[in-house]
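Here is the structure we will look at, set down as structure tokens.
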Amino acid sequence: MEMSYVVQDSSECIGARRGMIYMDANATEAPRPQAAAAMLAALALPGNPSSIHAAGRAARKLLEDAREGIATRFGARPADLVFTSGGTEADALAVHALGQGRRIIIGATEHDAIRAAAPDALRLPVDANGVADLDALAALLAAGPALVCLMLANNDTGVLHPIAAAAALCRAHGALLHVDAIQAAGRLAVDLPSLGATSLALSAHKIGGPMGAGALLLAPDVPVRAHLPGGGQERGRRGGTPALPAIAGFAAAVQACTPRDLAPLRDRIATAARDCGAVEIAATAPRLGNTLCLGLPGVRAETQVIALDMAGVQVSAGAACSSGKVGRSHVLDAMGLGPLAAEAIRISLPWNVTEDDVAHTIAAYRSMATRLRRGAAA
Amino acid sequence: MRIVVAMSGGVDSSTVAGLLAEAGHEVIGVTLQLYDHGAAVGRKGACCAGQDIHDAKRVADHLGIPHYVIDAEARFRDAVMADFADSYAAGETPVPCVRCNQTVKFHDLLGLARDLGAERLATGHYVQRLDGPDGPELHRAVDPARDQSWFLFATTRDQLAQSMFPLGAMPDKNAVRAEALRLGIAVADKPDSQDICFVPTGSYADAVGKLRPDALTPGDIVREDGSVIGQHDGIARYTIGQAKRLGNAAQDGGARRVVVSLDPATRRVVVGAPDAGTTLVRLRDVNWLVPPARLRCMVKLRARETPHAAEIIPTEDGAEVRLDAPALPAPGQACVFYDGERVLGGGFIRPPSRQPRTTPT
Numbered sequence: 166m167e168m169s170y171v172v173q174d175s176s177e178c179i180g181a182r183r184g185m186i187y188m189d190a191n192a193t194e195a196p197r198p199q200a201a202a203a204m205l206a207a208l209a210l211p212g213n214p215s216s217i218h219a220a221g222r223a224a225r226k227l228l229e230d231a232r233e234g235i236a237t238r239f240g241a242r243p244a245d246l247v248f249t250s251g252g253t254e255a256d257a258l259a260v261h262a263l264g265q266g267r268r269i270i271i272g273a274t275e276h277d278a279i280r281a282a283a284p285d286a287l288r289l290p291v292d293a294n295g296v297a298d299l300d301a302l303a304a305l306l307a308a309g310p311a312l313v314c315l316m317l318a319n320n321d322t323g324v325l326h327p328i329a330a331a332a333a334l335c336r337a338h339g340a341l342l343h344v345d346a347i348q349a350a351g352r353l354a355v356d357l358p359s360l361g362a363t364s365l366a367l368s369a370h371k372i373g374g375p376m377g378a379g380a381l382l383l384a385p386d387v388p389v390r391a392h393l394p395g396g397g398q399e400r401g402r403r404g405g406t407p408a409l410p411a412i413a414g415f416a417a418a419v420q421a422c423t424p425r426d427l428a429p430l431r432d433r434i435a436t437a438a439r440d441c442g443a444v445e446i447a448a449t450a451p452r453l454g455n456t457l458c459l460g461l462p463g464v465r466a467e468t469q470v471i472a473l474d475m476a477g478v479q480v481s482a483g484a485a486c487s488s489g490k491v492g493r494s495h496v497l498d499a500m501g502l503g504p505l506a507a508e509a510i511r512i513s514l515p516w517n518v519t520e521d522d523v524a525h526t527i528a529a530y531r532s533m534a535t536r537l538r539r540g541a542a543a
Numbered sequence: 017m018r019i020v021v022a023m024s025g026g027v028d029s030s031t032v033a034g035l036l037a038e039a040g041h042e043v044i045g046v047t048l049q050l051y052d053h054g055a056a057v058g059r060k061g062a063c064c065a066g067q068d069i070h071d072a073k074r075v076a077d078h079l080g081i082p083h084y085v086i087d088a089e090a091r092f093r094d095a096v097m098a099d100f101a102d103s104y105a106a107g108e109t110p111v112p113c114v115r116c117n118q119t120v121k122f123h124d125l126l127g128l129a130r131d132l133g134a135e136r137l138a139t140g141h142y143v144q145r146l147d148g149p150d151g152p153e154l155h156r157a158v159d160p161a162r163d164q165s166w167f168l169f170a171t172t173r174d175q176l177a178q179s180m181f182p183l184g185a186m187p188d189k190n191a192v193r194a195e196a197l198r199l200g201i202a203v204a205d206k207p208d209s210q211d212i213c214f215v216p217t218g219s220y221a222d223a224v225g226k227l228r229p230d231a232l233t234p235g236d237i238v239r240e241d242g243s244v245i246g247q248h249d250g251i252a253r254y255t256i257g258q259a260k261r262l263g264n265a266a267q268d269g270g271a272r273r274v275v276v277s278l279d280p281a282t283r284r285v286v287v288g289a290p291d292a293g294t295t296l297v298r299l300r301d302v303n304w305l306v307p308p309a310r311l312r313c314m315v316k317l318r319a320r321e322t323p324h325a326a327e328i329i330p331t332e333d334g335a336e337v338r339l340d341a342p343a344l345p346a347p348g349q350a351c352v353f354y355d356g357e358r359v360l361g362g363g364f365i366r367p368p369s370r371q372p373r374t375t376p377t
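Chains A and B, in that order, are what the protein sequence lines are.
If you count by the working numbering, then the first sequence holds residues 166 to 543, one letter each, in order.
If you count by the working numbering, then the second sequence holds residues 17 to 377, one letter each, in order.
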């Protein structure tokens, strides 16, 4: 009964009620009702998973059930999953734990979570499509022990790196490979052993779970020294009482999500946008089906985002600072897009997108592009 | 009406947004991020946005209006800061606020407002736009203590037609604060901003030195006949009429001395009698808010000074101003023409032409 209440409420609040269309799933996925229900249930429990009494044991069961469910889904052993506060912490923990005594090599289009954790890292260049250059990787690996950080899917463009091939290179050179799978998880089948990665970062809210939970998954027998040792939780790998309600929501979202192929809907928007003069970025690269990066020559990205927001279509552009300023995307700059990097927006379809949402988005984009391109030409 | 309000995070523009929203307009708040605040205050790791941007967002939240931050850093650096430093290095005393109003605010932001289908751009400036028989006119604010018309002389008639300044008619700042309080705006008691926004430390010379180190190269302090009477530590630290920072050169044979000109080519600061001066002022980049014509009016050569009576003569490349009584105009500053409360136009003061100086006999 509780579930059905949440389902109704959630479908309403995602857009329909206020006539808003949410097309910014890569910022945060539309919440899954199952996650909200699991969180409410967990919030009602009084116990701390570290306590030995009955309430503690119940909390611990919930935590370990969540661990098993998530680990199994991504091909890891439950014991090799460390819960964190989110994707940024999972990435930072990987760099901290696996980067000791190694050179760190990161893809040029990695998320800031990795860039800030490894500010002095060597940069692995990408091609014009944003795909990592594996010849360059082989050359970089030849110089000695390394940790390579490469994302599975890029947040701005959806572009997929050839992780399995990169992993083979890393193995051949005795290097470790950390994979940020935050955007890919829930949208593609993600399996740690078949990727051949040493570790994998996940974030609950990019799967339709809550903000405030994430995980670092490890290959068997990879030791991790805690960044925050605290009370020794997570087998000494991450201190602090786990955010149980968020973790329960995380597990429920993982269980509820079945990858849905959104590429046909995405491509409808892409086709319409190209007809308005837009450039579809990384169109020929392997990409997430939900992600569309569109450059509109002569029109600043922030103007496009504001105009679409005023039309009720919510998208994003570039790297948002905490001030809300839209900065240039280092991803698009690394791809060598030039001025178009400041004229590109990201449309990312949520798991529950409807045909109507897509039609409205197309209409709003057309009207925006027609008006602003006329302005730009004048 | 759909109106874009330029919100700085201060009480003035916040009140403008509040009043327009209360009046039932569709208000869109926009804050320009003009420079990296973290870099400006010199704190490593500080957020690129200052507290003002967060304040503007909170005001917009409170008013229930959408709010966006626009990255104008590159444009501000090129159009305002570089010009500011170059101007100082050339021995002028620039007014970056006028350049900013001219470029970033009333050109770029107005362009954004048009792109977003807004009919007006509203700001918290203390000036009045009044509709006259020949279109919109720019007038001084009702409160003379707050009047900012001198800083807005370069606003074109087209720009004026698309702008609104709701605070120009306010009797005084207390009235604005009272309105802010009534609207529940949290920044109602925030102190007024001081100085030039991108120089939060107050040291213009340091800011100029970062962009144009040559402007801080030491040189000679000389009399008008060229004889050396002291040393200075960079012409960017001096402006026409200044008596400070002259050391022993501030007194010459018992007579008080002030800066009468700056020569960037020889890095010389020239001092002379404070009542020296000129009656001829040449202007560049003149903006006319009335049809250009030879006319008599009052002019202001600095933001805060009593107006001088003068005659304006339009020229091919600007205008000539003939003052009734000599004054010490500082190149780079604005000379704004007033007919009573109305702004007729204005321009930037050119450096004196490079003719040999004739010493008064």
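All C-beta atoms, glycine included, are put in the ideal place defined by N, C-alpha and C.
Values in this document were obtained by computation on a predicted structure and should not be read as measured data.
Using a Cβ-Cβ cut-off of 9 angstroms, state whether Leu125(B) counts as contacting chain A.
Here the question's residue 125(B) lines up with position 109 in the second sequence. No, because no Cβ of chain A sits closer than 9 angstroms to the Cβ of Leu125(B).
When you compare each of Val480(A), Val324(A), Ser250(A) and Ile527(A) to Ala278(A) by their alpha carbons, which one comes out closest?
Within the first sequence, the letter at position 113 stands for residue 278(A). If we check each option's Cα against that of Ala278(A), Ser250(A) comes out closest.
For Asp205(B), does the count of other Cβ atoms within 10 angstroms reach 16, so buried, or fall short, so exposed?
For this step, residue 205(B) is matched to residue 189 along the second sequence. The residue in question, Asp205(B), is exposed, as its Cβ has fewer than 16 Cβ neighbours within 10 Å.
Touch test, the segment 352-367 of chain B against the segment 288-301 of chain B, Cβ-Cβ under 8 angstroms, three pairs minimum:
Under the 8 angstroms Cβ criterion, the segment 352-367 of chain B counts as touching the segment 288-301 of chain B, having at least three qualifying pairs.
For the 8 angstroms Cβ check, are there 3 or more pairs between the segment 96-111 of chain B and the segment 509-524 of chain A?
Because the criterion of three Cβ pairs below 8 angstroms is not met, the segment 96-111 of chain B and the segment 509-524 of chain A do not touch.
Reducing DSSP to helix, strand and coil, say where Gly361(B) ends up.
Taking the first residue of the second sequence as position 1, residue 361(B) is located at position 345. Here Gly361(B) carries a strand assignment [DSSP, helix/strand/coil].
From the DSSP output, read off the bridge partner residues of Lys316(B).
For the purposes of this step, residue 316(B) is taken as residue 300 along the second sequence, with counting starting at 1. Answer is Val352(B).
Kindly confirm or deny that the segment 134-147 of chain B and the segment 26-43 of chain B touch, where touching means at least three C-beta pairs closer than 8 angstroms.
Contact check between the segment 134-147 of chain B and the segment 26-43 of chain B: three or more CB pairs, one atom from each, fall below 8 angstroms, which counts as touching.
Could you tell me whether the Cβ atoms of Arg312(B) and Glu336(B) are closer together than 9 angstroms?
Translated into the one-based positions of the second sequence, residue 312(B) becomes position 296. Translated into the one-based positions of the second sequence, residue 336(B) becomes position 320. Contact: no.
Given a threshold of 16 other Cβ atoms within 10 Å of its Cβ, counted over all protein chains shown, does Arg162(B) qualify as buried or as exposed?
Numbered from its first residue, the second sequence carries residue 162(B) at position 146. That one is buried.
Under 9 angstroms between C-beta atoms of Cys422(A) and Trp516(A)
Start at 1 with the first residue of the first sequence, and residue 422(A) comes out as number 257. Start at 1 with the first residue of the first sequence, and residue 516(A) comes out as number 351. Against a cut-off of 9 angstroms, the Cβ pair of Trp516(A) and Cys422(A) comes out as a contact.
Given Ile108(A), which residues of its chain have a CB within under 7 angstroms of its CB, disregarding the five upstream and five downstream residues?
Since the displayed chain A opens at 166 and closes at 543, residue 108(A) lies outside it and no answer follows.
Kindly indicate if chain B contains any beta-carbon less than 9 angstroms away from that of Ile471(A).
Translated into the one-based positions of the first sequence, residue 471(A) becomes position 306. In terms of beta-carbon proximity, Ile471(A) lines the interface with chain B, with at least one pair separated by less than 9 angstroms.
Examine chain B for any beta-carbon lying closer than 9 angstroms to the beta-carbon of Pro394(A), and answer yes or no.
In the first sequence, counting from the first residue as 1, residue 394(A) sits at position 229. Answer no: the Cβ-Cβ gap between Pro394(A) and chain B never drops below 9 angstroms.
Paired residues, beta bridge with Phe169(B) - DSSP:
Taking the second sequence and counting its residues from 1, one reaches residue 169(B) at position 153. Looking at the DSSP assignment, Phe169(B) forms no beta bridge with any residue, so it has no partner.
For Asp156(A), the first and last residue of its enclosing beta strand (DSSP E)
Residue 156(A) lies beyond the stretch modelled for chain A, which goes from 166 to 543, so this question has no answer here.
Would you list the residues sitting across from Ser364(A) in a DSSP beta bridge?
Along the first sequence, one-based indexing puts residue 364(A) at 199. Paired residue(s): His343(A) and Leu383(A).
Leaving out five residues on either side along the sequence, give the residues of the same chain with a beta carbon under 6 angstroms from the beta carbon of Leu357(A).
Along the first sequence, read from residue 1 onward, the residue named residue 357(A) stands at position 192. Only residues of its own chain outside the window of five on either side were considered, and among them Phe239, Gly240, Ala241, Leu365 and Leu382 have a CB closer than 6 angstroms to the CB of Leu357(A), listed in chain order.
Check this for me: beta carbons of Val8(B) and Ser165(B), under 9 angstroms apart or not?
Lying outside 17 to 377, the shown extent of chain B, residue 8(B) is not represented and no answer is given.
Answer with yes or no whether the minimum CB distance from Leu128(B) to chain D is below 9 angstroms.
This model lacks chain D altogether, as its protein chains are A and B.
is_contact[Ser175(A), chain B] using C-beta, thresh 9 angstroms
Your numbering for residue 175(A) matches position 10 in the first sequence. With a pLDDT of only 39 at Ser175(A), under 50, the local geometry of the prediction cannot be trusted, and the value read off the model is given with reservation. Ser175(A) is outside the set of residues whose beta carbon lies under 9 angstroms from a beta carbon in chain B.
Inter-residue Cα distance where the pair is His246(A) and Arg539(A)
In the first sequence, residue 246(A) corresponds to position 81, counting from 1. In the first sequence, residue 539(A) corresponds to position 374, counting from 1. The sequence shown places Leu at residue 246(A), not His. Per the coordinates, the alpha-carbon of Leu246(A) lies some 53 angstroms from the alpha-carbon of Arg539(A).
Could you round the C-beta distance between Ala438(A) and Leu473(A) to whole angstroms and report it? I think they count as a contact, below 8 angstroms.
Within the first sequence, the letter at position 273 stands for residue 438(A). Within the first sequence, the letter at position 308 stands for residue 473(A). Contact doesn't hold; Cβ gap of about 12 angstroms is too wide.
Taking all protein chains shown into account, decide if Pro376(B) is buried (16 or more other Cβ within 10 angstroms of its Cβ) or exposed.
Here residue 376(B) refers to the residue found at position 360 when the second sequence is read from its first residue. For Pro376(B), the predicted model reports a pLDDT of 44, less than 50, meaning its position is unreliable and no value from the coordinates is stated.
So, using beta-carbon positions, are Gly252(A) and Gly395(A) closer together than 9 angstroms?
Stepping through the first sequence from its first residue, residue 252(A) is reached at position 87. Stepping through the first sequence from its first residue, residue 395(A) is reached at position 230. No, the pair does not count as a contact, with Cβ atoms beyond the cut-off.
Check Arg272(B) in the structure and name its three-state DSSP category.
Locating residue 272(B) in the second sequence gives position 256, counting from the first residue. Strand, per DSSP.
Skipping 5 residues on each side, what residues in its chain have a beta carbon closer than 6 angstroms to that of Leu537(A)?
Position 372 of the first sequence holds residue 537(A). For Leu537(A), where only same-chain residues beyond five positions count, the Cβ hits under 6 angstroms are Val464.
Would you list, in chain order, the members of the segment 452-484 of chain A that have their beta-carbon closer than 9 angstroms to a beta-carbon of chain B?
Within the segment 452-484 of chain A, the residues whose Cβ lies closer than 9 angstroms to some Cβ of chain B are Val464, Arg465, Glu467, Thr468, Val470, Ile471, Ala472, Asp474, Met475 and Gly483, listed in chain order.
Endpoints, the beta strand (DSSP E) within which Ala341(B) is located:
Counting from one through the second sequence, the residue named residue 341(B) turns up at place 325. That run of the beta strand (DSSP E) goes Gly334 to Ala343.
Nonlocal neighbours in the same chain, by C-beta distance under 6 angstroms from Ala544(A), ignoring five residues either side:
Residue coverage of chain A in this structure runs from 166 to 543, which leaves residue 544(A) outside it and unanswerable.
Please report how far the alpha carbon of Gly235(B) lies from the alpha carbon of Tyr220(B), in whole angstroms.
Locating residue 235(B) in the second sequence gives position 219, counting from the first residue. Locating residue 220(B) in the second sequence gives position 204, counting from the first residue. Straight-line Cα distance between these residues: approximately 18 angstroms.
Pull the bridge partners of Gly200(B) from the DSSP assignment, please.
The residue given as residue 200(B) occupies position 184 in the second sequence. DSSP lists no partner for Gly200(B).
Can you tell me which of the three DSSP states Asn117(B) falls into?
Mapped onto the second sequence, residue 117(B) falls at position 101. Asn117(B): helix per DSSP, three-state reduction.
Counting only C-beta atoms, is Gln371(B) closer than 9 angstroms to chain A at any point?
Taking the second sequence and counting its residues from 1, the one referred to as residue 371(B) is at position 355. Note on Gln371(B): pLDDT 47, under 50, position unreliable in the model; no value is reported.
Counting only Cβ pairs nearer than 9 angstroms, list the residues of chain A close to Leu132(B).
If you number the second sequence from 1, residue 132(B) lands on position 116. Going along chain A in sequence order, the residues near Leu132(B) (Cβ under 9 angstroms) are Thr468, Ile471, Ala472 and Met475.
Verify the CB distance criterion: does Arg531(A) have a CB-CB separation below 9 angstroms to chain B?
Here residue 531(A) refers to the residue found at position 366 when the first sequence is read from its first residue. Output row for Arg531(A): interface = no.
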